[in-house]
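Heads up: the structure comes next, in C-alpha cells.
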Amino acid sequence: MMWKLAFPFLAALLAVGLGGLTDVDVNDKGAKIALSHAMDEYNRGSGDDYLYKVVEVIKVQGQAVEGYEYIITVRIARTLCRKDSIYQCTFVVWSRPWLNDWQLLEAKCH
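Per mature numbering (1 follows the signal peptide of the UniProt record, and there is no 0): the sequence shown = residues -19 to -1, 1 to 91.
Right under this line is the structure:
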C-alpha cells in the first residue's frame, strides 16, 4: 500500500530530474524575490554612483539544492543614462525562504 502512495511522487521527481535545472516562469513569486535581492546586492557592490534597474527578464531557471537556486538572466540599464548603456546579466541566487535567507552567489554582466 505504501508503495502505491510513494510511486507517483518518485515518478514526478525522476521526471523533473532531482537537482537538475528547470525553467521557471518569469512571473514566479520566488523568482521575483530572488531578482530583487540580486539587484539590491548588485547595486550595493557595483561601486557606481548610479543605480541599475532591470529592463528585461530574459530567462529564469531553478534547481533544488539545500534550498532553491535561481539562475536569472536579465538586461539591466544604468538609471539616468544613455539608451545604449544596457547590459545583459546572469545572476545566481540561492534561497532558503523558510529562513528568510537569500544570497547572491554570482553576478556576470556584459
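Positions of the beta carbon are idealized from the N, C-alpha and C atoms, including for glycine. None of these values were measured; they are calculated from a predicted model.
Rounded straight-line distance, which links the Cα of Ile67 to that of Trp75
Counting from 1 along the sequence shown, the entry for residue 75 is found at position 94. Counting from 1 along the sequence shown, the entry for residue 67 is found at position 86. So the two alpha carbons sit approximately 25 angstroms from each other.
So, using beta-carbon positions, are Thr71 and Gly43 closer together than 8 angstroms?
Position 90 of the sequence shown, counted from the first residue, corresponds to residue 71. Position 62 of the sequence shown, counted from the first residue, corresponds to residue 43. In this structure, Gly43 does not lie closer than 8 angstroms to Thr71 by Cβ.
Under a three-way DSSP split, which group does Gly11 fall into?
Reading the sequence shown from its first residue, position 30 is the one you call residue 11. It is helical.
Give the DSSP bridge partners of Asp4, in chain order.
Locating residue 4 in the sequence shown gives position 23, where the first residue counts as 1. Per DSSP, Gln42.
Considering only the alpha carbon of each residue, which of His18, Asp82, Arg77, Ile52 lies closest to Tyr33?
In the sequence shown, the residue the question calls residue 33 occupies position 52. Looking at the Cα atoms, His18 is the closest of the given residues.
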